[in-house]
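The block underneath contains the structure these notes are about, expressed in structure tokens.
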């Protein structure tokens, strides 16, 4: 009933005067249904992938008809993955202005159950049984939502003739890497240049931003220490001045003695 009555329900819901639909005008135009004529094509590029129908890709070195999409979770919480082959590429247009269009892939899906799709988690190998198809009628998928896969057969194992190995493809011009920094083997010793800030902290803020309570007694003790340090510095200055005076008197006495000897 969901598949047969949805379009009718959407039309009634969009044109209900009490409905609180966002982008109401757009929903109304889509609810009226697409135009009677559609545009078909043999290939289509989207999201960095190049797709072709199965008929066009047949007997070519590179097959671009394999698609993959993630579905809902099953009863165990495992995400169901659907693998299929593109049969037709359709561009659907809707009435109204501005022009609205969407590209759909009509696909033939393999059985997503354990009888038609297997995954070896140890070696990360996915296999599909290409003779076993998905029974439910749900062939169309939006082109922007699919990803590209390749199917490869087993050339030597006879017990695997009904199974294809699935290879997921990356978009053209994009490289997916793990967030891991690999160290090259030739760099046995790493040279690290550290920059040390020689500028001292001029604030009284704790480096870990911890606030400490200071009492009046602590402030008085600090002031007394400062006064003692100033007195010691002044005492050192006076002692230094006395030493300088003594040195000056000794120099004058030596100079007088030298002059006396010269006169004699």
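Residue numbers (my numbering): 1465 to 1728.
Cβ coordinates follow ideal geometry from the N, Cα and C atoms, glycine included.
Option in 1488, 1478, 1546 and 1501 with minimal Cα separation from residue 1558: Closest option to residue 1558, Cα to Cα, is 1501.
Straight-line gap, residue 1510 to residue 1571 (C-alpha atoms, nearest Å): 16 Å
Length of the line joining the Cα atoms of residue 1629 and residue 1487: Between the alpha carbons of residue 1629 and residue 1487 lies a distance of about 44 Å.
Per-residue DSSP class, three states only, for residue 1483: coil
Counted within 10 angstroms of its Cβ, other Cβ atoms place residue 1548 as buried (16 or more) or exposed: buried
Three-state secondary structure (DSSP) of residue 1617: Three-state result, residue 1617: strand.
Beta-bridge partners of residue 1632, as assigned by DSSP: Within the DSSP bridge table, the entry for residue 1632 names 1613 as partners.
N- and C-terminal bounds of the beta strand (DSSP E) containing residue 1567: Boundaries of the beta strand (DSSP E) harbouring residue 1567: 1564-1573, taken from the DSSP string.
Any non-hydrogen atom of the ligand ADP within 8 Å of residue 1555 CB: This structure lacks the ligand ADP; in fact it carries no ligand of any kind.
Top-ranked residue by Cα proximity to residue 1552, from 1527, 1507, 1577 and 1537: 1507
DSSP bridge partner residues for residue 1503 (one or two, in chain order): BP columns for residue 1503 point to 1555.
Backbone CA spacing between residue 1470 and residue 1604 [nearest angstrom]: 15 Å
Proximity to residue 1738 [Cα-Cα], best of 1544, 1580 and 1529: No information on residue 1738 is available, as it lies outside the stretch 1465 to 1728 that the chain covers here.
Cβ-Cβ separation, residue 1631 to residue 1614 (assumed contact under 8 Å), whole Å: 4 Å
Assigned exposure category for residue 1528 - 16 Cβ within 10 Å defines buried: buried
Short Cβ contact (9 Å threshold) for residue 1574 with residue 1607: Against a cut-off of 9 Å, the Cβ pair of residue 1607 and residue 1574 comes out as no contact.
9 Å Cβ cutoff met for residue 1554 and residue 1515: no
Distance, residue 1485 Cα to residue 1492 Cα: 10 Å
Cβ pair residue 1611, residue 1531 closer than 9 Å: yes
Residue environment, residue 1546, which counts as buried when at least 16 other CB atoms sit within 10 Å: Classification for residue 1546: buried.
Buried or exposed (CB count within 10 angstroms, at least 16 for buried), residue 1517: buried
Residues of its chain near residue 1596, where Cβ-Cβ distance is below 6 Å and the 5 sequence neighbours each way are ignored: 1575 and 1580
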